[in-house]
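According to our numbering, the sequence shown holds residues 489 to 684 in order. Reviewing the structure listed below.
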Amino acid sequence: ANENPTMDPKYEQNATYPGLSHPTTLKLQALRVSQLCLRSAYLHRGNALAALDRNDEARESYEKVLPMLENEPRCGRLDWERSSIFVNIGNTFSRQGNYAKANEQYDIAEKLGKEHLETKEGNHADGMGIMIVGMRARSFALKKAGKDDDGKKQMREVLELQKKLNVELENQKEKQKAEAEAAQEAAQAKQQVAVQ
489 ANENPTMDPK
499 YEQNATYPGL
509 SHPTTLKLQA
519 LRVSQLCLRS
529 AYLHRGNALA
539 ALDRNDEARE
549 SYEKVLPMLE
559 NEPRCGRLDW
569 ERSSIFVNIG
579 NTFSRQGNYA
589 KANEQYDIAE
599 KLGKEHLETK
609 EGNHADGMGI
619 MIVGMRARSF
629 ALKKAGKDDD
639 GKKQMREVLE
649 LQKKLNVELE
659 NQKEKQKAEA
669 EAAQEAAQAK
679 QQVAVQ
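See below:
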């Protein structure tokens, strides 16, 4: 076995991403790759239709993604995908002047984030980020619906949560740095013992 393997730089190195460009993935998981690509295609088609102000068609495209996510596990990456779908659906309603329906979707998106915060093992940074996206979209929808004061209040809550998220991200960064330094020191100590 190769003691010091090197990763081809053209492939994604983060194991949390699908790595769709890797030939092994394409060969062994063709069905999975096609499902991921189809979800992405529906999302992007919805975005394109929304940009053309074809909100009913955009919503229909977004809604095709939801059944594909039903049996997927709960994790930060997939909850980001879920929340973006709900926020986009909400935005289609908001652009059509239906704040009540838009708010229902923003509530669902925000709840996905809250669940990460309420779970001990939940990803708190992702949870706060997901909540911020839903709350921010609601703030803009409130303004569009003529509820400026409510929209401003919601935006203040977004900014407060963003401050907490910034602290969380800084803490994670410091923790990762400390772990990397500890791992490096342990590796150096192990190397010194091996040399002796």
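Idealized CB from N, CA, C, for every residue including glycine.
Buried or exposed for residue 654, going by 16 or more other Cβ atoms inside 10 Å? exposed
Beta-carbon proximity check, residue 597 vs residue 627, cutoff 9 Å: no
Distance check for residue 525 and residue 503, CA to CA, integer angstroms please. Model confidence at residue 503 stands at a pLDDT of 49, short of 50, so the residue's coordinates are unreliable; what they give is reported in the following sentence. In this structure, the CA atom of residue 503 is about 18 Å from the CA atom of residue 525.
With H, G and I counted as helix, E and B as strand and the rest as coil, what does DSSP make of residue 607? coil
Contact between the segment 585 to 594 and the segment 629 to 647 is defined here as three or more beta-carbon pairs at a separation below 8 Å; is this criterion met? yes
From residue 677 to residue 670, what does the alpha carbon distance come to, in whole angstroms? 10 Å
Does chain B have any CB closer than 9 Å to the CB of residue 648? Of the protein chains in the structure, only one exists, and it is not chain B.
Three-state secondary structure assigned by DSSP to residue 555: helix
Can you tell me whether DSSP reads residue 525 as helix, strand or coil? helix
When DSSP labels each residue in this structure, what does residue 614 get in the three-state scheme? helix
Excluding five sequence neighbours on each side, which residues of the same chain lie with their C-beta closer than 7 Å to the C-beta of residue 545? 537
Go ahead and label residue 557 buried or exposed: buried means 16 or more other beta carbons lie within 10 angstroms of its beta carbon, across all protein chains shown. Its Cβ having fewer than 16 others within 10 Å, residue 557 is exposed.
How is residue 635 classed by DSSP in three states: helix, strand or coil? Residue 635: coil per DSSP, three-state reduction.
Which of the three DSSP states is assigned to residue 585 in this structure? coil
Inspect the CB distances between the segment 604 to 621 and the segment 641 to 650 and report whether three or more fall short of 8 Å. Three or more Cβ pairs closer than 8 Å define a contact, and the segment 604 to 621 meets that threshold against the segment 641 to 650.
Distance check for residue 599 and residue 660, CA to CA, integer angstroms please. Residue 660 and residue 599 have their C-alpha atoms roughly 23 Å apart.
Residue of 668, 615, 592 and 664 minimising C-alpha distance to residue 564: With respect to the C-alpha of residue 564, the residue from 668, 615, 592 and 664 having the closest C-alpha is 615.
Residues near residue 594 by beta carbon distance below 6 Å, same chain, minus five either side: 578, 622, 625 and 626
State the Cα-Cα distance for the pair residue 666 and residue 607, rounded to the nearest angstrom. Residue 666 and residue 607 have their C-alpha atoms some 25 Å from each other.
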